[in-house]
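Report on one structure; see the data block that follows.
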Amino acid sequence: MAHYRASESKREQYRRYLEKAGVLDSLTNVLVALYEETDKPNNALDFIKHHLGVSGPETTDTEALHQELTELQLKCQQLTEENKDLRSRLQHYEPTPSEGTAE
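Residue numbers for the sequence shown follow this note's numbering, so the first one is 301 and each next one is one higher.
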C-alpha cells in the first residue's frame, strides 16, 4: 500500500509542476482549439505543434528552399568553371612577371 501512495505522491507533484509551469493551460487551450475547429485538420499533431509554436518550417517552405539551394549550387559551379576558363585565357594573353621585366 505504501508503494501506491508514493507513486500517487510523485504523480501529484508532477501535475503541480506542469500546472505551475503553465503547461496544462497551454495544452488545454490547444486541445480546445482543435475541438472547436469546424474543419478538422488531417494531421492533429501538426495542428498542436503549430499552435504551441514548436513546429519547424512548413513543408512547402522547405521544398522551396531546397530547390533554391540546388539552383544556387548549380549557378556557383557554372561561375566557378567560367572563372577558371577566363583565368586560363588571361594567362594566355598576359605575359608572366618574369617575361615582362626582361627588357
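Here a beta-carbon is modelled for each residue, glycine too, at the ideal position from N, C-alpha and C.
With contacts defined as CB atoms closer than 9 Å, Leu334 and Pro341 qualify as a contacting pair. Using a Cβ distance threshold of 9 Å, Ile348 and Leu331 count as a contacting pair. Val354 carries a coil assignment under DSSP once its states are collapsed to helix, strand and coil.
Annotated three-state conformation of Lys340 is coil, per DSSP.
The alpha-carbon of Asp325 is positioned some 24 Å away from that of Ser307. Looking at the backbone, the Cα of Thr359 and that of Ser309 are separated by about 43 Å.
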